[in-house]
Amino acid sequence: MPNLKERMGLKDAIKAQQEGYLPQAKEIYIDILEDDKNNVQALCNLAIIYRHDKNYSKALQLFHKALDIEQSQVIYINLANLYIEVKSFQKAIDIYSTLLKSMPNNPVIFALIARAYDKQGEVDKAIHFYKESIRVDSKYVESYVAIGKLLSFKKNFDGAKKLYEMALSLDDKHKEALYELQKSLQYLKRYDDALMVLQKLVVLDGDNVDIYSEFGNVYTIQKDYYNALASYLKVAEINPKNALNFIKIALTYKTLNHLNEGVAYYKQAVELDDTLIDLDSDLKKLLVS
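FYI, in the working numbering the residues of the sequence shown are 155 to 443.
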């Protein structure tokens, strides 16, 4: 059990770490470990600081040392997540699999294994483990969404749509499920349905530029250029540094034969990113003339 000095030191270190004073917290943890090299909390918190500093080898060393002392689920997960960060996916999978032996009905562990396989590029294995997480908890919404995204990656947009709809049957305000659903509907060329989903999304997340950008994209496909323009202008209002959005505005104005406005927005885009100047020869010619 930590003595009074260690407890006070830990308290000060944790407070400093929580307030963002990481160098100070680091010094205190190192001092604590000089007196008590097996202090698990100091080892783990110091590992987190080294991880923040991208000193991954030191962070891994400290997490492993903490795990040798205490086989805690939290330490296992922190260590596995760190292996994910350094792209040692199989090591992460091995750790999650060890946890699974003591937590066979935990959907989160199955989902973490699935995520690791996904990052490793093994999509079918990822889908399998996401399905396992649903098997142990049929209401685990995140796995329905994750499978849907993987099916989209495999170009199975109808299958993806069904997964997003299943997720939404459990949580009808799940923003990611709604956003991915409208994308699948676009791929399936069900544009009016996609717009209906976007209308639901904008109520839930009205300052999300991606939603208005998707509105603009769908309206452009439907050749409803005035609504497309209004959507892209809303994006510019929220994020005036989005060069590609200015290109979309410029091209929409060009389609509507408002060339002066098109050139003005093309100029703004190029000022933000000069590599975009060759995207449209007509607007470039007017811009440089």
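C-beta atoms are modelled at their ideal positions from N, C-alpha and C, and glycine is treated no differently.
Mapping DSSP to helix, strand and coil, what is residue i?
i	result
Gln274	coil
Asp436	helix
Gly313	helix
Asn399	helix
His328	coil
His206	helix
Asp190	coil
Ile431	coil
Gln376	coil
Gly360	coil
Glu173	coil
Lys408	helix
Lys343	coil
Ser323	helix
Asn393	coil
Lys308	coil
Ser338	helix
Ser385	helix
Ser443	coil
Classify residue i as buried or exposed, calling it buried when 16 or more other Cβ atoms lie within 10 Å of its own Cβ.
i	result
Lys191	exposed
Val299	buried
Thr429	exposed
Asp436	exposed
Phe264	buried
Val228	exposed
Ile223	exposed
Leu261	Strictly speaking, residue 261 in this sequence is Pro, with Leu absent from that position. With 16 or more Cβ atoms within 10 Å of its Cβ, Pro261 is classed as buried.
Glu334	buried
Lys273	exposed
Gly275	exposed
Arg289	exposed
Ser338	buried
Glu296	buried
Lys315	buried
Phe307	exposed
Gly174	exposed
Lys241	exposed
Lys159	Caution applies to Lys159, whose pLDDT of 43 falls short of 50 and renders its modelled position unreliable; the value that the coordinates give is listed next. Exposed, since its Cβ has fewer than 16 Cβ neighbours within 10 Å.
Pro385	Note on residue identity: the sequence assigns Ser, not Pro, to residue 385. Ser385 is buried by the Cβ-count criterion.
Ser226	exposed
Ile184	exposed
Suppose contacts are defined by Cβ-Cβ distances below 7 Å. Is residue i in contact with residue j by that definition?
i	j	result
Ile281	Leu304	yes
Ala397	Leu441	no
Tyr419	Ile431	no
Tyr318	Ile301	no
Asp166	Ile182	yes
Leu233	Ile203	no
Val363	Asn411	no
Tyr379	Thr409	yes
Lys388	Asp359	no
Leu324	Lys354	no
Tyr407	Gln376	no
Leu216	Leu200	yes
Ile247	Ala213	no
Within the present structure, is the beta-carbon of residue i separated from the nearest heavy atom of the ligand PLP by less than 6 Å?
i	result
Lys285	Among the ligands in the structure shown, none appear at all, so the ligand PLP cannot be discussed.
Checklist entry - What alpha helix (DSSP H) runs, 4 residues minimum, are completely inside the segment 216–299? => result 227–239, 243–256, 261–273, 277–290
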